[in-house]
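Take a look at the structure below.
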Amino acid sequence: MAANPTLRLQNMLNPKRRVFEVDRVAAEHSTVIRTILAEFDESYLAGNVIPILVDVCDAALAKVLEWVTRWRDLPKAADVVVDYNQPGRRTTTHAATTRKAEQANEKEMDTTDVMRSPWNKVFFRGVNGEILYEILVIANYLDIKPLCDLCCQLVANMIRDKPIEEVCEILCIDMEFENAFI
């Protein structure tokens, strides 16, 4: 096996169906991808793509993959552990009840370091509201908790202390609110 195998991800709902390559360790930030890796044989994954089934632009998916590549060494949370010990029966145990998960949670990095990173400030500097929304959608779909938290914090900072009209404009809400609902 190669030292740093790459995975191929394909944006299936985008008409271009572009294939992205990402380092396996970086991709494991995604709970969804970790589950896929646990379910499929290495030889199967080597010849196939992992489908991404969320309708987002390629630029947003590329940004998410850039983020996970940058933070590839950030500890990954173990959310679910699958127990295959019983033949013919699959039991899923929540990671909070396992020793492995307890150890992962003990060494889990404080996300405030990631939130305050100068690299993240540069990363999000040129991102408009639409791309930020799509990054959040992908991070949520792939279950990349640190990136979800970061995007939510950015949105919260964008709308903090703003009047309702400006919040609606920032979030692209085109609804007219009556004074009774404000």
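In this text, residue positions in the sequence shown follow the numbering used here: the first is -2, and each later residue adds one.
Here a beta-carbon is modelled for each residue, glycine too, at the ideal position from N, C-alpha and C.
Would you grab the beta carbon distance between residue i and residue j for me? Rounded to a whole angstrom, and I think it's under 8 Å.
i   : j    : result
I47 : L6   : 5 Å
K60 : I128 : 7 Å
In its own chain, which residues sit with a C-beta less than 6 Å from the C-beta of residue i, not counting the 5 before and 5 after it?
i   : result
W64 : L144
V19 : L4, L62
F17 : L6, L62
P84 : Confidence is the limiting factor: at P84 the pLDDT is only 49, short of 50, which leaves the residue's position unreliable, though a coordinate-based value still follows. Closer than 6 Å at Cβ, skipping near neighbours: no residue.
Three-state secondary structure (DSSP) at residue i?
i    : result
I30  : helix
V16  : strand
L168 : coil
L4   : strand
Tell me the rounded alpha-carbon separation between residue i and residue j.
i    : j    : result
W68  : V134 : 19 Å
L166 : M155 : For clarity, residue 166 is Glu in the given sequence; the question names Leu instead. Roughly 11 Å between the two C-alpha positions.
L34  : V22  : 11 Å
R86  : V152 : Reliability of the predicted coordinates at R86 is poor, the pLDDT of 45 falling under 50, and no value is obtained from them.
L58  : Y41  : 23 Å
I161 : L168 : 10 Å
R14  : C54  : 10 Å
G44  : K118 : 36 Å
F37  : E25  : 14 Å
D158 : G126 : 18 Å
E39  : R31  : 13 Å
E131 : P2   : 27 Å
In chain order, what residues of the same chain lie with their CB nearer than 8 Å to the CB of residue i, ignoring the 5 residues before and after it?
i    : result
V164 : I156, I170
T66  : V19, D20, A23
Keeping to the same chain, check which residues put their C-beta closer than 7 Å to that of residue i; ignore five residues upstream and five downstream.
i    : result
A136 : V61, L144, C145, C148
I49  : L6, Q7, N8, M9, L58
3 or more residues per run - each beta strand (DSSP E) lying fully within the stretch 32 to 62 = With a minimum length of 3 residues, the continuous beta strand (DSSP E) runs that stay inside the stretch 32 to 62 are 47 to 49.
request  = Scan the stretch 137 to 163 and note each continuous alpha helix (DSSP H) run of 4 residues or more that stays entirely inside, going in chain order.
outcome  = 142 to 156
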